[in-house]
Amino acid sequence: MDTTDKKVSDKRAIAILAKNGIQVNEEEADIILDFLYLVAKNYNKPNEDQEAESLRRNRTL
């Protein structure tokens, strides 16, 4: 992954993980960040219209 796209540095990720009791080195932090950016990039947030429509369709009268 291109490092210019990242908004969280490896050192910041290490600090956040360490605060939560997880010890990683810079290489591991880079892998974790790459994975999280990949998940965020591929996440499809449903539109409000789609969600409302599915609720109306599944409603029992």
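Mind the numbering: the sequence shown is residues 14 to 74 in our numbering, read in order. The C-beta atom is built at its ideal place from N, Cα and C for all residues, glycine as well.
Between residue i and residue j, is the Cβ-Cβ spacing less than 8 Å?
i	j	result
residue 39	residue 23	yes
residue 52	residue 45	no
So the candidates are the options; which of them puts its Cα closest to the Cα of residue i?
i	options	result
residue 12	50, 57, 32, 31	This structure leaves residue 12 out entirely; the chain is present only between 14 and 74.
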